[in-house]
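S.K.: The structure's right below; bear with me while I get my questions together.
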Amino acid sequence: MTVRDGQERGGEDVAPPPFPPAGPGPAGPGPAGGKGGDDGYRPSARRIARERYRRTRTRRAFAVASASTLLTAGALYALIVNSPGWQRTRQTFFDAHYARISLHPILHGLWLNLRLLAVCGAIVLVAGLLMALLRTLRGPVFFPVRALATAYVDFFRGLPLIICILLCVFGIPALRLTGVTNNPVLLGAFALCLTYTAYVAEVFRAGIESVHPSQRAAARSLGLSNAQAMRYVVLPQAVRRVVPPLLNDLVSLQKDTGLVSIGGAVDAVYAAQIIASRDFNYTPYVIAGLIFVAITIPMTRFTDWVAARMNRRQSQGGAV
Amino acid sequence: MSAIGPKSGTADGPEPALRAEPVLRMEAVRKTYGGTVVLRDIALEVPAHTVTALIGASGSGKSTLLRCANLLEDVDDGAILLDGQDITDPRTDVDEVRRRIGVVFQAYNLFPHMTVLDNITLAPRRVHKEPREQAEGRARELLERLGLADRAHEYPDRLSGGQQQRVALLRAVATRPRLLLLDEITAALDPELVGEVLAVVRDLKEEGMTMVIATHEMAFAREVADQVCFLDGGIVLERGTPAEVFGAPSRQRTQEFLRRITEAGRL
Ligand SMILES: Nc1ncnc2c1ncn2[C@@H]1O[C@H](COP(=O)(O)OP(=O)(O)O)[C@@H](O)[C@H]1O
Ligand SMILES: [Mg+2]
Numbered sequence: 001m002t003v004r005d006g007q008e009r010g011g012e013d014v015a016p017p018p019f020p021p022a023g024p025g026p027a028g029p030g031p032a033g034g035k036g037g038d039d040g041y042r043p044s045a046r047r048i049a050r051e052r053y054r055r056t057r058t059r060r061a062f063a064v065a066s067a068s069t070l071l072t073a074g075a076l077y078a079l080i081v082n083s084p085g086w087q088r089t090r091q092t093f094f095d096a097h098y099a100r101i102s103l104h105p106i107l108h109g110l111w112l113n114l115r116l117l118a119v120c121g122a123i124v125l126v127a128g129l130l131m132a133l134l135r136t137l138r139g140p141v142f143f144p145v146r147a148l149a150t151a152y153v154d155f156f157r158g159l160p161l162i163i164c165i166l167l168c169v170f171g172i173p174a175l176r177l178t179g180v181t182n183n184p185v186l187l188g189a190f191a192l193c194l195t196y197t198a199y200v201a202e203v204f205r206a207g208i209e210s211v212h213p214s215q216r217a218a219a220r221s222l223g224l225s226n227a228q229a230m231r232y233v234v235l236p237q238a239v240r241r242v243v244p245p246l247l248n249d250l251v252s253l254q255k256d257t258g259l260v261s262i263g264g265a266v267d268a269v270y271a272a273q274i275i276a277s278r279d280f281n282y283t284p285y286v287i288a289g290l291i292f293v294a295i296t297i298p299m300t301r302f303t304d305w306v307a308a309r310m311n312r313r314q315s316q317g318g319a320v
Numbered sequence: 001m002s003a004i005g006p007k008s009g010t011a012d013g014p015e016p017a018l019r020a021e022p023v024l025r026m027e028a029v030r031k032t033y034g035g036t037v038v039l040r041d042i043a044l045e046v047p048a049h050t051v052t053a054l055i056g057a058s059g060s061g062k063s064t065l066l067r068c069a070n071l072l073e074d075v076d077d078g079a080i081l082l083d084g085q086d087i088t089d090p091r092t093d094v095d096e097v098r099r100r101i102g103v104v105f106q107a108y109n110l111f112p113h114m115t116v117l118d119n120i121t122l123a124p125r126r127v128h129k130e131p132r133e134q135a136e137g138r139a140r141e142l143l144e145r146l147g148l149a150d151r152a153h154e155y156p157d158r159l160s161g162g163q164q165q166r167v168a169l170l171r172a173v174a175t176r177p178r179l180l181l182l183d184e185i186t187a188a189l190d191p192e193l194v195g196e197v198l199a200v201v202r203d204l205k206e207e208g209m210t211m212v213i214a215t216h217e218m219a220f221a222r223e224v225a226d227q228v229c230f231l232d233g234g235i236v237l238e239r240g241t242p243a244e245v246f247g248a249p250s251r252q253r254t255q256e257f258l259r260r261i262t263e264a265g266r267l
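This is the structure:
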C-alpha cells in the first residue's frame, strides 16, 4: 500500500471538523466572548449592536403576537356569546351536568377505540407493506399477484370507509357462513383494516419508488439478490421516508375507529350517543370529540418529532 | 500481504494454462437502445492483473460497455466471457457473476442509511455469509490503510466527496472480486480530491487487481494502464499500450480527441 500520510492529509484537510460550534443563529447565546477558540476574539461593537437590535425586534414581535391573539379571542368570544341562540346552545352543547355524567361511559367506550387502534394499526402496517411488496414483484409468474394487489388497492382506496363498514358488519353475517363471526366489533375492525391497508400500501409503494434506482443498481452490482437489495438497501430508506405519512394515517385510523359504532359496538362515540338521545342533550358528543382531539394531538406532535429527528440524523439522498 | 487484492490461491495462481485465459473477454458485442446502436462489434481482452483504460468522448459508450460487463444491461449480440465462462448466456446465474465483479460508479452510490462500516460489510456478510467480526475486522483494516478509520461510524453524507469515493472503492473490493470496473470515479469530484482517489486505484493495481477503468484523467490512464482503448461512436477505434495510443495515435479521430483533451489541460 502506498497511501501515505501526505495523501491522507489531503482528505483530512478538506473534511470539515466533526461539527462547527453551532450555527451563526440570531438566537445564539449572546456575544460568546472569547469562547470556542483561544484566539483572543472579542465581539465588535457592530456585533453587539446587531444582537441588541435583534433582541428588541424579537420582544416587539412577541408583544404584537400576544396582543393580536388576545384581540382575536376576545372578538370570537363576544361574537358567540352575543349571538341570539347562545343561551340555548350553551344548555344543549356545553352543560356541566351532562359533561359529568357522560364522562365515565365515554372513557369506558374509549378503551374499545384504543384497542381497535392498536390491533388494526399493527395489522394495517404489516399488510400494507406486504401489499406494496407484492406490487413490486417482477416477472411474468407474478403477474396475477401484481394484478390482484393493484385491484385490491384501487378498490378499497376508492370505497368510502362507512360503506365498507356497513357492508362488512351487515353483509357478512347475512351470508350465514359457518365459523364466521357476527361480532360487530370484529367485523368493523376487519373493515377498517381493509380500507387502511389500501392507504398504507400506497404510502409504502411511494416510498419504495422514491429510492433512486442507482441504489438498487449499486446493491445488485455488489452481488445482492433482488430480495436482498430490497430488504437491506431499498426498504430501510423507503420506510424512513414514509414514517411521517404513515403516522398521519394512524392518526386518521384512530378517529375512524369511532365508525365501528354504526354496527352497534359501544365505543366512545356510541356511549355519547346513548346519553345524547336519551336526554336530548348534545354535551356528550362535545366531550367525546374533545377526548379524541386530545389523544390525537400527542400523536401528531410525535409524528413531527420523529420527522425532525430523522432529518437531523441524516439528510436523505445526500449521496444519490 | 494483500488485503485489498483479489483472492490469492486457486483462481489466479500461476498455472500457465489459466494464465492464458483473460479475465474478461468481449467478442463482437453489440448493444442498441431503441434504434440507436451504442456498442458495435466490440472486441476486448483484459488479462489478469492488468489495467485497461477506456477513453473517449462523452456518449461514446464507455459506461454502457461497463454496464454490459456487469450484466446491468443485456447485450444484443456477441459474447462476454468472464474467466472463460460465457456470462451473456441467458442461463447464467446473474447474481453469482456479479459476486465476482466489483463496480464503482461516478456518483458514489453509497447507501445513505448505513454507516461507512455497514456499507463495506454489507456484501461480505449478506452475500458471502462471512461472520460479522471477520467482515468488520477486514473493513477496519482497509479503512485504516486509507486513513479513514475514524470515519467508520459516520454516515456517507458526513464525508467529503473524495472520502465517499474511497469508501465506495473499499466496498467494491471488500469481497475480493476477480475484476473491478470503475466508471469515471473521479468525474464528480473537485480537482483537489481526485488525487486521493486515484492513489487508491494505483495501490489496487500494485496489489494485482484486474481493472477496467473508464476515465477522463488521461495522465492517470497513461501512467496506470497496460492497455488503452479509444472508443468512438460505439466502436473501439484504437487499442494499444499507452505509449502507442497517446504517443502515436494512428487514427485521425484519436488525434483530434487527444488534441481537444490536451487543449482542455487534462494531459
Ligand atoms: N438507458 C439508455 N437509454 C437510451 N440511450 C442510452 C441509455 N444509456 C445510454 N444511452 C446512450 O448511449 C450512448 C452511450 O452512452 P454512455 O455509455 O453513457 O457513454 P459514455 O459513458 O461514454 O459517456 C449515448 O449516446 C447515450 O445517449
Ligand atoms: Mg459514462
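Heads up: the sequence lines are chains W and Z, in that order. All residue numbers for the first sequence refer to the UniProt record's numbering, where the first residue is 1 and numbers rise by one. All residue numbers for the second sequence refer to the UniProt record's numbering, where the first residue is 1 and numbers rise by one. Glycine included, each C-beta is placed from N, C-alpha and C at the ideal position.
1) If you run the structure through DSSP and keep just helix, strand and coil, what is M310/W?
2) Closest to G208/Z by CA distance: which of T215/Z, V200/Z, T88/Z is it?
3) Can you determine whether any heavy atom of ligand 2 sits closer than 6 Å to the C-beta of S214/W, and answer yes or no?
4) Please confirm whether any heavy atom of ligand 1 lies closer than 6 Å to the CB of G61/Z.
5) Where do the N-terminal and C-terminal ends of the beta strand (DSSP E) with R239/Z fall, by residue?
6) Examine the Cβ distances between the region 255–270 of chain W and the region 152–170 of chain W and report whether three or more of them are shorter than 8 Å.
7) When the Cα of V146/Z is compared with those of R178/Z, T50/Z, R166/Z, which residue comes out closest?
8) Going along the region 211–240 of chain W in order, which residues come within less than 7 Å of chain Z, judged by CB to CB distance?
9) Cβ of A28/Z within 7 Å of Cβ of V228/Z?
10) Taking 6 Å as the limit between beta carbons, can you name the residues of its chain near L112/W, skipping five residues before and five after?
11) Give the interface partners of R98/Z over in chain W, defined as CB-CB distance under 9 Å, in chain order.
12) Of all the options R146/W, G223/W, L137/W, which has the alpha carbon lying nearest to the alpha carbon of V94/Z?
13) Taking beta-carbon pairs under 7 Å, can you tell me which members of the region 208–239 of chain Z lie near chain W?
14) Of all the CB atoms in chain W, is at least one closer than 7 Å to the CB of V127/Z?
15) Sorted by chain position, which residues of the same chain lie with C-beta nearer than 6 Å to M299/W's C-beta, five sequence neighbours on each side aside?
16) Quick check on the DSSP output: what are the complete alpha helix (DSSP H) runs of length 4 or more inside the region 94–136 of chain W, in order along the chain?
17) Count the C-beta pairs between the region 32–45 of chain Z and the region 58–78 of chain Z that are closer than 8 Å, then say yes if the count reaches three, no if not.
18) Answer with yes or no whether the minimum CB distance from V103/Z to chain W is below 7 Å.
19) What do you reckon, are the CB atoms on V245/Z and E256/Z nearer than 7 Å?
20) Confirm the yes/no value for this check: CB of D58/Z, any heavy atom of ligand 1, distance under 6 Å.
21) I'd like to check one pair, A229/W with A219/W: are the Cβ atoms closer than 7 Å?
22) Pick helix, strand or coil for R125/Z, following the three-state DSSP scheme.
23) Using alpha carbons as the reference points, say which of Y285/W, R240/W, L290/W lies closest to T303/W.
24) In terms of alpha-carbon separation, which member of R46/W, F93/W, S68/W, C168/W lies closest to L192/W?
25) Would you check whether ligand 1 has a heavy atom nearer than 6 Å to the C-beta of Y41/W?
26) Per DSSP, what kind of secondary structure is L161/W in: helix, strand or coil?
27) So, V116/Z versus E141/Z, is the Cβ gap smaller than 7 Å?
28) Could you give the distance in angstroms between the alpha-carbon of G247/Z and the alpha-carbon of V212/Z?
29) What do you reckon, is the C-beta of Y152/W under 6 Å from a heavy atom of ligand 1?
30) Which residue's Cα is closest to the Cα of I80/Z: P242/Z, L204/Z, V46/Z, R125/Z?
31) Any Cβ of chain W within less than 7 Å of the Cβ of N119/Z?
32) List, in chain order, every chain W residue whose beta-carbon is nearer than 9 Å to that of L72/Z.
33) At least one CB of chain W closer than 7 Å to the CB of residue 270/Z: is that the case?
34) Beta carbon of Y33/Z: closer than 6 Å to some heavy atom of ligand 1?
35) Count the other C-beta atoms from every protein chain shown that fall within 10 angstroms of the C-beta of I87/Z, then say buried if there are 16 or more, exposed otherwise.
36) What are the start and end residues of each continuous beta strand (DSSP E) run of 3 or more residues lying completely inside the region 226–294 of chain W, in chain order?
M.R.: In short, the structure shows the following:
1) helix
2) V200/Z
3) no
4) yes
5) 235–240
6) yes
7) Going by the sequence as given, residue 146/Z is Leu instead of Val. L146/Z has its Cα closest to that of R166/Z, out of R178/Z, T50/Z, R166/Z.
8) S214, Q215, A217, A218, R220, S221, L222, G223, L224, S225, Q228, Y232, V233, P236, Q237, R240
9) no
10) D267
11) R220, S221, L222, G223, L224
12) G223/W
13) none
14) yes
15) V251
16) 96–136
17) yes
18) yes
19) no
20) Here the sequence assigns Ser to residue 58/Z, which means Asp is not the residue at that position. Yes.
21) yes
22) helix
23) R240/W
24) C168/W
25) no
26) helix
27) no
28) 21 Å
29) no
30) V46/Z
31) no
32) A217, R220, S221
33) Residue 270/Z is absent from the model: chain Z starts at 1 and stops at 267.
34) yes
35) buried
36) none
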